[in-house]
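Beneath this line is the structure, given in structure tokens, with notes to follow.
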Amino acid sequence: MRYQRLLLILILLMPVLARPGETPKNLEPLPDAPPPPAMTDSDPAEEPEIKIIKKGEDTVEEYRIHGELYMQKITPSHGVPYYLMKQDQEGGWSRIESQTQPLIIPKWVILRF
């Protein structure tokens, strides 16, 4: 009960404590912000190419960057779509069925011969 009264008094005193002090008389407005930098056109080679293929009643979407296939989205006619993601350069693929993003460890190419 004692803490409730103290809390109530503090809440009631907050507007009084938050009152601003005297404002200086020599205030000047801030200069206008500079315009944002111009948007650059993105390189089309960096955008993924998406190729849609119909295999029977299934639809396969192939995602490629620089001509290299890195992901496939398979949409069967009777079920939920799933993804096949390339895990390594040797051709290992993993199937992902959940809606959440999987944990993918980055594997950058440092140097190509």
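The sequence shown begins at 3 in this note's numbering and counts up one residue at a time.
For each residue, glycine too, the CB sits at the ideal point set by N, CA and C.
As the structure is a prediction and not an experimental result, all values here were calculated from the model.
Check                                                                                                                                                                   : Outcome
Let's see if you can read the secondary structure: which residues bound the alpha helix (DSSP H) around M16?                                                            : R4 to L19
Using only the alpha-carbon positions, how far apart do N28 and L113 sit?                                                                                               : 60 Å
Should the stretch 54-63 be called in touch with the stretch 30-40, which here means at least 3 C-beta pairs below 8 Å?                                                 : no
For the beta strand (DSSP E) containing Q89, list its first residue and its last residue.                                                                               : Taken as a continuous stretch (DSSP letters only), Q89 belongs to no beta strand (DSSP E), as it is neither H nor E.
Going by alpha carbons, who is nearest to E49 out of E70, K56, Y5 and K57?                                                                                              : E70
Can you check DSSP and say which residues form a bridge with R114?                                                                                                      : Per DSSP, none; premise fails for R114.
Within the same chain, show all residues whose beta-carbon is closer than 7 Å to that of Y84, passing over the 5 residues directly before and after it, in chain order. : I76, R97, I98 and E99
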